[in-house]
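Worksheet: one structure, shown below.
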Amino acid sequence: MDNTNMNLNLTQIAWVVKDIELAKSFFQQMFGISNFSKTMITRLKECDGTYYGEPSDAENYVALAYTDEVFLELIQPISGKSIFKDFIDNNPAGGVQHIAYSTPIANLDKVISDFKNRGFSIISSFDTPIAKIVFFDTRIEIGVFTEIMGITKEGEIAVQNMKTQM
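Mapping the sequence shown onto my numbering, position 34 (from 1) lands on 35, and the numbers just tick up by one.
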């Protein structure tokens, strides 16, 4: 896939971990990344989350840091069915679970169509005020899931704020 044709930008690398505070400490001690956000809880049912086409009630701890032009995301599953819980169940030590690309929200349907035309279906999704997010199973091709974030106008502002505050 030529991402220049799809108008995608590498935005994030995400780890699913068993202990988010330990992971934050590791990044700070080993790489000097001390600007992780406060750990927050995400509730997928509050943002129309899906898991393989069904509603998801999953809850996760999440923390973000911005460094070297990329967001680092840490996710610790708490409860419910999700691709994050599946990952930690199958990889108890945790690891890189997905990479994320962003695109303007107006381009998201085209990107989804391009992925579907190449045989990839949406396995999880959620909708927030800053982005509509979809996940594709690209593990066979690259070993991790691929997240596509359709960034809204509010999201563009939020991203710029995160970059300057982190």
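We treat Cβ as the ideally placed atom computed from N, Cα and C, and that holds for glycine.
DSSP three-state call for residue i: helix, strand or coil?
i, result
"ASN4", "With a pLDDT of 48 at ASN4, under the threshold of 50, the modelled position of that residue is not reliable, and no figure is offered here."
"ILE131", "coil"
"GLY151", "strand"
"ALA159", "helix"
"LEU1", "The displayed coordinates of the chain run from 2 to 167. Any statement about residue 1 would go beyond what the structure contains."
"LEU65", "strand"
"ILE34", "coil"
"SER126", "strand"
In terms of residues, what are the limits of the beta strand (DSSP E) holding residue i?
i, result
"VAL71", "71-80"
For the alpha helix (DSSP H) holding residue i, just list the boundary residues, first then last.
i, result
"ALA94", "No alpha helix (DSSP H) holds ALA94; DSSP gives it neither H nor E."
"ARG140", "140-143"
"LEU109", "106-118"
Assuming residue i contacts residue j (C-beta within less than 8 Å), just tell me the rounded distance between them.
i, j, result
"ILE14", "VAL112", "Not confirmed; about 19 Å, so no contact."
"LEU9", "THR104", "5 Å"
Just to confirm, are residue i and residue j a CB contact at a threshold of 8 Å?
i, j, result
"VAL145", "ILE100", "yes"
"ILE89", "LYS19", "yes"
| query | Does the segment 118-136 come close enough to the segment 149-163 to have 3 or more Cβ pairs within less than 8 Å? | reply | Yes, since at least three Cβ pairs between the segment 118-136 and the segment 149-163 fall closer than 8 Å, the two stretches touch.
| request: Spell out a yes or no on whether the segment 121-129 and the segment 48-67 are touching, meaning 3 or more CB-CB pairs, one atom from each, closer than 8 Å. | output: The segment 121-129 vs the segment 48-67: in contact.
| task | Would you be able to state if there are at least three C-beta pairs under 8 Å between the segment 73-89 and the segment 28-44? | result | Taking 8 Å as the limit for Cβ pairs, the verdict is that the segment 73-89 does touch the segment 28-44.
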